[in-house]
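The block underneath contains the structure these notes are about, expressed in structure tokens.
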Amino acid sequence: DIIMPEIDGIKAVEMIKSKEDFKDIPIIMITANDEEKSLEYAFEAGAIDYIKKPFTRIDLKARVRSMLKLKEEVDMRKKIEQEIIKRQILTKN
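My numbering puts the first residue of the sequence shown at 4, with every later residue one more than the last.
The following block contains the structure:
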């Protein structure tokens, strides 16, 4: 959520995305805040989608499913890229 008691959601996204192990995790913001500037900041921080409150269960499940599929594809692409680099290194030696 963009608005939270301890730390705002945008800062939380920035903190998560700053960690190497977590930078590719897709983040969906859920918020009642519909100010365009807040949403812009959320996307700049690293969120890749948002859902406005109130939201439906169907909408949430569909977006989470899409994000999980995206994460799988990113992970697969990284694996393929690493394999290509490995082969290139072996070919040079």
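C-beta atoms are modelled at their ideal positions from N, C-alpha and C, and glycine is treated no differently.
For residue i, is the classification buried or exposed, using 16 other Cβ atoms within 10 angstroms of its Cβ as the cut-off for buried?
{"i": "Thr34", "result": "buried"}
{"i": "Met79", "result": "exposed"}
{"i": "Ile5", "result": "buried"}
{"i": "Met32", "result": "buried"}
Quick check: what's the CA-CA separation for residue i versus residue j?
{"i": "Val2", "j": "Lys22", "result": "No information on residue 2 is available, as it lies outside the stretch 4 to 96 that the chain covers here."}
{"i": "Glu86", "j": "Ile10", "result": "40 Å"}
{"i": "Phe46", "j": "Asp24", "result": "19 Å"}
Please classify residue i: does DSSP put it in a helix, a strand, or coil?
{"i": "Lys81", "result": "helix"}
{"i": "Asp11", "result": "coil"}
{"i": "Lys22", "result": "coil"}
{"i": "Ile6", "result": "coil"}
{"i": "Thr59", "result": "coil"}
Return yes when at least one heavy atom of the ligand MN lies under 8 Å from the C-beta of residue i, else no.
{"i": "Ile31", "result": "This structure does not include the ligand MN; it has no bound ligands of any sort."}
Assuming residue i and residue j form a contact by the criterion Cβ under 8 Å, report the distance between their Cβ atoms to the nearest whole angstrom.
{"i": "Tyr53", "j": "Ile13", "result": "Contact doesn't hold; Cβ gap of about 11 Å is too wide."}
{"i": "Ala65", "j": "Lys20", "result": "Contact flag wrong, Cβ pair sits at about 23 Å."}
Practice problem: Please specify which runs of the alpha helix (DSSP H), each continuous and at least 4 residues long, are wholly inside the segment 27-57, giving them in chain order. | Solution: 39-48
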